[in-house]
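Numbered per the working numbering, the sequence shown spans residues 1 to 280.
Glycine included, each C-beta is placed from N, C-alpha and C at the ideal position.
Okay, structure first, notes after.
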Amino acid sequence: MALTSLTGLCDFLSISAQQRKSIRLTISPQVTQHHIWRGAVEELLRNLGAESRAAALGRRRSPALRMAEQIAASCLRFLADAEQETTPLWMKLSPRRGRRRGREGAPGDATMGEVLEMFGHLSACLAEEEKLWAAAALGKVEAMKEGLYQIKDLLVEREIGYREARRQDSLVQKRLSKGLGHSSRCLFTLLVYYLYGAVSDLEVDLCGLFGDGAGRRRVSAGKVLTAGDERMVGSALKQLDRVLGKRAALDLRGHIWWVGAEPRSLMYRGNWFFIHDLKL
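What follows is the structure, given as structure tokens:
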């Protein structure tokens, strides 16, 4: 099971429609801040580059894969320009809308629409790759394109004052909050990055929601491992912890199985995790 949207998470937890609306209205303003958005896009592009290089070790890269790497690098350079000046890089309204406010965009200004176009080419390149990692990366690229579409008509500008920068930051946040719905994979990706600093999907092999008749609910999530070395166990603990999160109203449990495991339990970041022997 992979959690990729607030809709899927709320379906699993049987959250009512009214509560879902409240959750989205609470979460959206926090996870759509400009630095969260930029950080999530950069993390996605860095991961894509690293996975591409790892997949190509000892073998020849395909033309589509080489093009995908070049596009990802171009996007990272575009975003890195925002951090190189002492004056922050922000956004402003496009010339068409700016004229309504008595403002003109300078010729040659770069728009987020250019990044959206690059992401479109990136999607096409990844779609030609048959590797599993490319399919996962393609899903994330498509998710972030949804957010880019909401801010595609924003321009990049360097020399603006603090008050204007704050206003533009608010504009990016407002566009994304309004445009990304409850079922949006982009919104969920931003939420995961906001909470954990990662853009990977939250995946579990087994999960369940249980009630005790007294209104208390327990959420259990599990992973099945092929080996029980400390590195794999630690990785499974962290992944399950991301899935379970910190929901004070729920009793949260994590379970890990592998063949030959010594049954034991341990506490990790406030949640109980149980290790079980998998008998074949």
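Roughly how many whole angstroms lie between the Cα atoms of residue i and residue j?
i: Leu-48; j: Ser-16; result: 36 Å
i: Leu-180; j: Ala-261; result: 43 Å
i: Tyr-196; j: Arg-60; result: 34 Å
i: Gly-270; j: Gln-70; result: 42 Å
i: Gly-254; j: Glu-146; result: 33 Å
i: Ile-275; j: Leu-266; result: 8 Å
i: Cys-10; j: Ala-137; result: 24 Å
i: Gln-33; j: Ser-62; result: 37 Å
Just checking my contact of residue i with residue j at CB under 8 Å: how many whole Å lie between their CB atoms?
i: Lys-281; j: Ala-55; result: This structure leaves residue 281 out entirely; the chain is present only between 1 and 280.
i: Leu-148; j: Leu-116; result: 4 Å
DSSP three-state label for residue i, please.
i: Thr-189; result: helix
i: Arg-99; result: With a pLDDT of only 43 at Arg-99, under the threshold of 50, the placement of this residue in the model should not be trusted; the figure read from the coordinates follows. Correct three-state label for Arg-99: helix.
i: Gly-254; result: strand
i: Leu-57; result: coil
i: Leu-180; result: coil
i: Arg-269; result: coil
i: Ile-23; result: helix
Are the CB atoms of residue j and residue i within a distance shorter than 8 Å?
i: Val-141; j: Leu-154; result: no
i: Val-199; j: Leu-76; result: no
i: Tyr-194; j: Gln-19; result: no
i: Val-41; j: Met-144; result: yes
i: Leu-3; j: Asp-201; result: yes
i: Ser-177; j: Ser-74; result: no
i: Ala-68; j: Leu-6; result: no
Beta-carbon of residue i versus every beta-carbon of chain B: anything under 8 Å?
i: Arg-53; result: Among the chains of the structure shown, chain B does not appear; only one protein chain is present.
Is residue i near the ligand ZN, judged by its Cβ being under 7 Å from some heavy atom?
i: Leu-9; result: Judged by which ligands are present, the structure shown has none, so any question about the ligand ZN falls away.
- Message: Does the stretch 120-127 come into contact with the stretch 167-187, if we say contact requires no fewer than three beta-carbon pairs (one atom in each stretch) closer than 8 Å?
- Response: no
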